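A short worksheet on the structure shown next.
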């Protein structure tokens, strides 16, 4: 069974700036619900949440980048950072 892959196209200030695409392989065979939830947030296919906020990562910002290791994104909960 092949694992699904999703991607983020990375921009800087709304411009492509040659930063590229981050491709992530999802471990759907090990954590199926988590992988499916993350995949749906990547595609935006779930539309709006109960709070009226969109359920997707589009426009999200990374606040910490460690080259060749990780990216960390801001997490919001109930509209708070």
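Numbering (my numbering), first residue to last: 880 to 960. We treat Cβ as the ideally placed atom computed from N, Cα and C, and that holds for glycine. Values in this document were obtained by computation on a predicted structure and should not be read as measured data.
Review point. Can the beta-carbon of residue 921 be found closer than 9 angstroms to that of residue 942?
Key: no
Review point. Roughly how many whole angstroms lie between the Cα atoms of residue 904 and residue 888?
Key: Distance between residue 904 and residue 888, taken at the CA atoms: about 15 angstroms.
Check your understanding: Skipping 5 residues on each side, what residues in its chain have a beta carbon closer than 7 angstroms to that of residue 937?
Key -> 923
Review point. If residue 909 sits next to residue 886, beta carbons under 8 angstroms apart, how far is it from one beta carbon to the other, in whole angstroms?
Key: Going by Cβ atoms, the distance from residue 909 to residue 886 rounds to 20 angstroms, so no, they are not a contact pair.
**Study point:** Nearest-angstrom Cα separation, counted from residue 932 out to residue 919
**Key:** For residue 919 and residue 932, the distance between alpha carbons rounds to 15 angstroms.
Check your understanding: Cα separation between residue 927 and residue 917?
Key -> 15 angstroms
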